[in-house]
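Chains as they are written, first to last, in our numbering: chain A, 96 to 505; chain B, 96 to 505; chain C, 96 to 505; chain D, 96 to 505. All C-beta atoms, glycine included, are put in the ideal place defined by N, C-alpha and C. One structure below.
4 protein chains.
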Amino acid sequence: MVEGKYSETIQAEGHLIDSQHLNHIFDKVIERGAVYEVLRFDIGKTNDDVSFIQLKLTANSPEILRELLKELVPFGAQLVDQRDARFEAAVKDRCVPHDFYSTTNHRTQIRKGGRWIEVEHQRMDAVVVDEGERVVCRKLRDVARGDQVMCGVEGVRVVPEYRERDRHGFAFMSNDISSERRVEVSVAKVAKMMHEVRAAGGKIAFVAGPVVIHTGGIDYFCDLVRKGWVDVLLTGNALPVHDIEYALYGTSLGVDLQTGSPVEEGHKNHMRAINVISHAGSIAEAVKQGVLKQGIMHDCVKHDVSFVLAGSIRDDGPLPDTLMDLIEAQEAYARALEGCKMVVMLSTMLHSIGVGNMLPSWVRVVCVDINPAVVTKLADRGSAQTLGVVTDVGLFLHQLASKLEPCARK
Amino acid sequence: MVEGKYSETIQAEGHLIDSQHLNHIFDKVIERGAVYEVLRFDIGKTNDDVSFIQLKLTANSPEILRELLKELVPFGAQLVDQRDARFEAAVKDRCVPHDFYSTTNHRTQIRKGGRWIEVEHQRMDAVVVDEGERVVCRKLRDVARGDQVMCGVEGVRVVPEYRERDRHGFAFMSNDISSERRVEVSVAKVAKMMHEVRAAGGKIAFVAGPVVIHTGGIDYFCDLVRKGWVDVLLTGNALPVHDIEYALYGTSLGVDLQTGSPVEEGHKNHMRAINVISHAGSIAEAVKQGVLKQGIMHDCVKHDVSFVLAGSIRDDGPLPDTLMDLIEAQEAYARALEGCKMVVMLSTMLHSIGVGNMLPSWVRVVCVDINPAVVTKLADRGSAQTLGVVTDVGLFLHQLASKLEPCARK
Amino acid sequence: MVEGKYSETIQAEGHLIDSQHLNHIFDKVIERGAVYEVLRFDIGKTNDDVSFIQLKLTANSPEILRELLKELVPFGAQLVDQRDARFEAAVKDRCVPHDFYSTTNHRTQIRKGGRWIEVEHQRMDAVVVDEGERVVCRKLRDVARGDQVMCGVEGVRVVPEYRERDRHGFAFMSNDISSERRVEVSVAKVAKMMHEVRAAGGKIAFVAGPVVIHTGGIDYFCDLVRKGWVDVLLTGNALPVHDIEYALYGTSLGVDLQTGSPVEEGHKNHMRAINVISHAGSIAEAVKQGVLKQGIMHDCVKHDVSFVLAGSIRDDGPLPDTLMDLIEAQEAYARALEGCKMVVMLSTMLHSIGVGNMLPSWVRVVCVDINPAVVTKLADRGSAQTLGVVTDVGLFLHQLASKLEPCARK
Amino acid sequence: MVEGKYSETIQAEGHLIDSQHLNHIFDKVIERGAVYEVLRFDIGKTNDDVSFIQLKLTANSPEILRELLKELVPFGAQLVDQRDARFEAAVKDRCVPHDFYSTTNHRTQIRKGGRWIEVEHQRMDAVVVDEGERVVCRKLRDVARGDQVMCGVEGVRVVPEYRERDRHGFAFMSNDISSERRVEVSVAKVAKMMHEVRAAGGKIAFVAGPVVIHTGGIDYFCDLVRKGWVDVLLTGNALPVHDIEYALYGTSLGVDLQTGSPVEEGHKNHMRAINVISHAGSIAEAVKQGVLKQGIMHDCVKHDVSFVLAGSIRDDGPLPDTLMDLIEAQEAYARALEGCKMVVMLSTMLHSIGVGNMLPSWVRVVCVDINPAVVTKLADRGSAQTLGVVTDVGLFLHQLASKLEPCARK
């Protein structure tokens, strides 16, 4: 059917079958209307052995072939005929050549002067800039005129994380999301993951939304903070507002405690809470002045957990700590995530996607939400190590806190 | 706009405002294109006082007026001009006069010979049959030729349950369903309700689906059984099959325990489980023979909890205990529900709706499901006392079992 | 880790990579704690070539090895060392030997006297019975004492449907379910599938729930019936009741048409509708007598579309046509499905799962529901050809009806 | 039970029963543990007459009574004993007295010098500032030291919108959200609402998310733009990126058109699209330069539809037009909404809540989403005129565009 005359030969190595990379490679070729011929395939003899494949790809236009090659890079494919990467100068700020290489979140190497160099600050949807000694990921908006930007697909290779079958005693579940699961099993996995990350010297970040408050998670989250399991809290304006509102008014007025219902539009305590913090100057000041005496934000301040509050278009107030300049907020998030080897996302799609975009694929991610569609969406975007848990967030935190002993913070 | 010449005067008494019955009455009048005039309205001076209203309704055809009157009966409205109820004979089996009165699930009284008599076996979507001494609800399919079937709206009055504002220390939540709630508060309410029902001599039924098994609820449900809180278990074929499969194969093969995943199509253990019970003859026999040694069904047998398994079109096997004749199954359900003053519905829309149809409105109902749409649907159909809880069923049972001490069974 | 001494060698052939069967085989081996060694692997050189694999499996108990082999059969694996299938007699009705072979919905062959014979009446969760000339699938409950039932995994091979990458110009989407899709693309695929099935002489069945009525699908479904695209309608009691209620009362009383809201508990027209059909004797009789003049059920009667109404525990009434004996209902469904090569499932999980259980995997299935969890659940159980569409059912039918011209019924 | 000694008398007038305001007032009193006594109640004799109530409230602390009075203001309650509003000076920027009055989105009047004055720029969660001639809503963050801020509940009255029963031929549905509805009925209502708004000289704003693109809504939305029905488009970064990506690459590469699937992580065309617009300088420049030739953003530029793109923490790029400073973005949204009398929200909870916070309650709002939980959440926050539609957004736009003729833009 295809009268292709344009060909390239690629190769890939790794756990090609269990990671489904081989399958994705074949799928992409067919989607593009190209054809492949397997030149060589060495299958791993056992579960621990890697496989190797060499494929000749043929398309009937050089553009299609080029697009196809770009699409195969994330699955570990590289040209057999190795060349150095090609860099071109950005002609103005924030603008790159049309043929720029857009990164994945996987470990990436660039060939320069015949040598393979690892790209630094790996994240997805960035460009790769040659800084002489180093090659680094840079966001499009941070590109300056004259930056040397990598173009094309020559001289790049990606080492995708393998969605492997429990090769290191760790079961991945991202294809296996359902509310009809035993949560206790997932909690045990998460607790184990947290221990492993800490043992390896990694930090643990939590990305959390106000549902943590509404579902009764305050005490359990505070317990995690006090036991030393939370290094970073990334959230928006709503969680701290509701947490502080609850700390200031929850027990005296008592409505929420008795009915279990957040009265969102009701008596405007959230505006009063913001006003109290504005008077104090900041959350930390309110704690220092003895105005704020309990709750998640209080405990974060007391236990030196760094937190970043990123604003959104829906925020009223906001708290004086909330960053309404998103460039600043994204950078503060990224800095806070440095050194984090695990991120637990609790019922906030917005901030979770924001964080997911910043992470290299080797950071472990856990997504918890009562809505299976949210968990699926986050797991789809994330790295191969994503563990999705569909359940009530308050009860999840209850279980998790009861499974974890106090530990030394990093 | 309406040139109505056909009028009737109705009245209603009760907590008309907080139950929203007055509102519903007005809505129905407007929907029908009729008009109302308030002849008299006495509002309750305090929260404990009842209100009284008298309304003149005018429509521009006698049919519309008649339909409208029928629609107002469930909200407690009755004709001011009191007449005896009218009965007509069924001309053949399963067939009633076109003008038959179709019941609600609320307490209903019929005027016969100038006296108001309470209808027995109250349930919804039934007809009312005059049996001389008694008037009773009868399902359409059970109507026999010659039965005296109540027609029209004369001589009937309904005493709806009030969705009242915590007049007896009991908070109703059916309009207030969300996954963003603190489950612990709901669990405490359910536990309190169970204590109250028991204290009043009522039985407690559970309607449960296989999600109880998949979410890890077996141990907690068994705990409730052993502590004496389960009088009746109404379910289908899937819960017992998965429970027995788990009891027989769960620990030895171990896959499920380690991964938390039900392997539905996998190794066909559910067919093996059915086969084992078929060999024994029944679930009770399997327990007696020592073949079935643990799990929900085992504990029900050991603790004399009566259970009814109603088949469905999706059932394979089924177990020898599963009733595939639905007439028989509905009657067995109805018999098992006699004396039950509370029903807890756990993640099975099908059986829950089936049970809901059979219950008078004064039986308390709790619906638990992780999908808010299911809880809303069940709460909408149910009685005013329905409490909806959106959460993980396994974790809910965990919490509930830990809140309840052993008690004496009825 | 595994000190395995028990080994068998298996082989499989087909589109092993794109169908993910190879991956599933490896997964199962690891899950069981066994090990594999690839003895031979020939990869298909191009997308049209099949692959072939030979694997040595080793486990540390004969039971684990046996269980593992059973689990690999559905992916096309068979023992290299070919033996005849083994049959044992059932010792009593409905009971089979513990080691029985439980079927998949894929094409299956049994080795008898050295010859491979195709199993008849293929369906899942059945046993295979030797009838001399033929080997057939039989439901557990239909097994009679003395029936020769296949046991073990020797002498069986399964030919799974391939979830292939558009090898025949047909894109499968079952792993790709989301509400964020362009429905028009899916509708075009479904219409194309319907044309292909008809061109090949196949019948088309629809499994539909009452949501078809509530979302305004009556006219469009009737259009499909009149254009000749519906051979069989499988449903429960609710769809015909609501359809008939609408046909009888929808336009005169008019509430629903104006508000778009089904008034489920409201004026009890559904009980009146059932009563009208009971008077007539059946739906067909009501059409004949001129009582029922429009709607889906009317059009089915007029255009000789066979329909089967299977009861459920939630059904009131029911209509005289509704089968309340589920054994009878399942058999009527199965008979109606004979010759159907395509099934369109519209918003009814219960009946759809029931139908899915009866179908061999080569029947094409389309699932339409506004709830992604339902589509995922159905697609997971179904055959490889399942196409899932997450959308509004009424609008889907609108689009589908407008895409299809009248055609000759089979 | 309550030993209350603190009392106030309030009154309210309006459609108190059908709007449920009376019910809400009673509920709040009971929730607070206070008691009420009805001093006077005049019920509207017909559906068009208003009702009037006077209530004596008694609580056992002055704080509870004060809180309760604040909570009753949104339902139209005011003190019988009329006093002027009390203003206090803000002691520093962004900080108000603790007893400040927090606004609702309803029409509000303030008593000053014995005269009732209408508050300007009505929106919720604001404070009321006395500017001498005028009293205005001001956001907390915009309060400057010395501003005269209204405190307490004296001298304020709110005129809530009535959730009335079709008094002006308009059926409200916000309590009546379900996917089991006939969408065509809802579309007809929306179209009618759009005609009415235009006839009254109002503008129409659309708040839209990228699901509009993914579900195939581009052509239909463009149709609405070209027909003159869209005055303002409020969105984020994702909709324009995907729209432009589709305009630039959708047809040539063609993958999406054939499969109906957005390949979000795939070939990075969204980064290419951003780069193209960055080269041009802005979306409008790209249209002018002939680089961008079709799609929603193109049509908005060509037809002078004003659009505002508000950034979020998840945005990559972003487009040069996207506002990453949220203070600026919120102000741009608010300016764009001036003169809008109707807002249609299409599948974006984030931006929809942001817009909802800015609107006075008399702006009509329509929310469309396939997820019922989103529609419920938006409807709950919104004004009484909110119409919720649970359906596929692409198909909704298809239906809506086909129902509307070209019209003159305001």
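(Q) Quick check: the Cα distance between C/D242 and C/F195, rounded to an integer number of angstroms? (A) So the alpha carbons of these two residues sit roughly 12 Å apart.
Q) Which same chain residues, not among the five before or five after A/G434, have their C-beta less than 6 Å away from its C-beta? A) K298
Q: Going by CA-CA distance only, name the one from D/F136, D/L454, D/R181 that's closest to D/V151.
A: Sequence inspection shows Lys at residue 151 of chain D; the Val mentioned does not correspond to that position. Nearest C-alpha to D/K151: D/F136.
Q: Please report how far the alpha carbon of C/K123 lies from the alpha carbon of B/H365, in whole angstroms.
A: So the alpha carbons of these two residues sit roughly 18 Å apart.
Q) Does C/L473 have its Cβ less than 8 Å from a Cβ in chain D? A) no
Q: Give, in chain order, every unbroken run of the alpha helix (DSSP H) that is at least 4 residues long and sits entirely within the stretch 275 to 340 of chain A.
A: 278 to 294, 306 to 309, 313 to 321, 333 to 340
**Q.** Proximal residues to D/P192 (C-beta, below 7 Å), its chain only, five neighbours per side dropped
**A.** E183, V244, C246
Q.
Quick check on the DSSP output: the alpha helix (DSSP H) that includes D/Y428 runs from which residue to which?
A. 421 to 432
Q) At what residues does the beta strand (DSSP E) containing A/D137 begin and finish? A) 130 to 137
Q.
Looking at the secondary structure, which residues open and close the beta strand (DSSP E) in which B/L167 lies?
A. Looking at the DSSP string, B/L167 is not in any beta strand (DSSP E); the run it does join, the alpha helix (DSSP H), is 157 to 167.
Q.
I'd like the list of long-range same chain contacts for A/D338, defined as Cβ closer than 6 Å, with 5 residues on each side in sequence excluded.
A. I308, G390, I391, M392
Q: Give a yes or no on contact between the stretch 138 to 146 of chain B and the stretch 161 to 176 of chain B, applying the rule of three or more CB pairs nearer than 8 Å.
A: no
Q: Would you kindly check if the distance between the Cβ of C/T199 and the Cβ of C/P157 is under 8 Å?
A: no
(Q) Classify B/Y381: buried if its beta carbon has 16 or more other beta carbons within 10 angstroms, exposed otherwise. (A) The sequence as given places Ala at residue 381 of chain B; Tyr does not occur at that position. Classification for B/A381: buried.
Q. Measuring CA to CA, which of D/T330, D/V438, D/P467, D/D464 is closest to D/W457?
A. Nearest option by C-alpha distance: D/V438.
Q) Taking the C-alpha atoms as reference points, what is the distance between D/T153 and B/I205? A) 42 Å
Q) Can you tell which of A/A221, A/E226, A/A375 has the C-alpha that lies nearest to the C-alpha of A/K207? A) A/E226
Q) Grouping DSSP H, G and I as helix and E and B as strand, with all else coil, what is C/C395? A) Helix.
Q. For chain A, is any of its Cβ atoms less than 8 Å away from the one on D/V191?
A. yes
Q) What residues in its chain sit with their C-beta under 6 Å from that of A/F301, if we drop five residues either side in the sequence? A) V325, L328, V439
Q) Between which two residues does the alpha helix (DSSP H) carrying B/Q149 extend? A) Premise fails: B/Q149 lies in the beta strand (DSSP E), 146 to 154, not in any alpha helix (DSSP H).
(Q) Between the alpha carbons of B/N370 and B/P335, how many angstroms are there, rounded? (A) 13 Å
Q | Supposed close pair A/D394, A/G331 - CB separation, criterion 8 Å | A | In fact, because the Cβ distance is near 18 Å, the residues do not count as touching under 8 Å.
(Q) Distance cutoff 8 Å, beta carbons only. Does A/L117 sit that close to anything in chain B? (A) False, the Cβ-Cβ gap to chain B never drops below 8 Å.
**Q.** For C/G412, the three-state DSSP class (helix, strand or coil)
**A.** coil
Q: Tell whether a beta-carbon distance below 8 Å holds between B/D179 and B/G209.
A: yes
(Q) Counting only beta-carbon separations shorter than 8 Å, does A/L490 have a partner in chain B? (A) Taking 8 Å as the CB threshold, A/L490 lines the interface with chain B.
Q. In chain D, which residues lie less than 8 Å from A/G363 when you measure between Cβ atoms?
A. With the sequence shown as reference, residue 363 of chain A is identified as Lys, and Gly is not the correct amino acid for it. What A/K363 touches in chain D: K165, S197, D220.
Q: Return the residue from the list B/K287, B/V463, B/H374 that minimises the CA-CA distance to B/L499.
A: Of the listed residues, the one whose Cα sits closest to B/L499 is B/K287.
Q: For A/H493, count neighbouring Cβ atoms within 10 angstroms of its own Cβ and tell me buried if that reaches 16, exposed if not.
A: A/H493 is classed as buried because its beta carbon has at least 16 other beta carbons within 10 Å across all chains shown.
**Q.** Residue from D/K436, D/V214, D/K363, D/C232 whose Cα sits closest to the Cα of D/D220
**A.** D/C232
Q | Helix, strand or coil at B/E256 [DSSP, three-state] | A | coil
Q: Check the Cβ-Cβ distances between B/Y101 and every residue of chain D, and say whether any is below 8 Å.
A: It does not: the Cβ of B/Y101 has no partner Cβ on chain D nearer than 8 Å.
Q | Closer than 9 Å at the beta carbon, the chain E residues around D/H337 | A | The structure shown has no chain E; the protein chains it does contain are A, B, C and D.
Q: Would you tell me roughly how many angstroms separate the C-alpha atoms of A/V251 and D/S447, rounded to the nearest one?
A: 42 Å
Q) Do C/Y101 and C/L164 have their C-beta atoms within less than 8 Å of each other? A) Taking 8 Å as the Cβ cut-off, C/Y101 and C/L164 do not qualify as a contacting pair.
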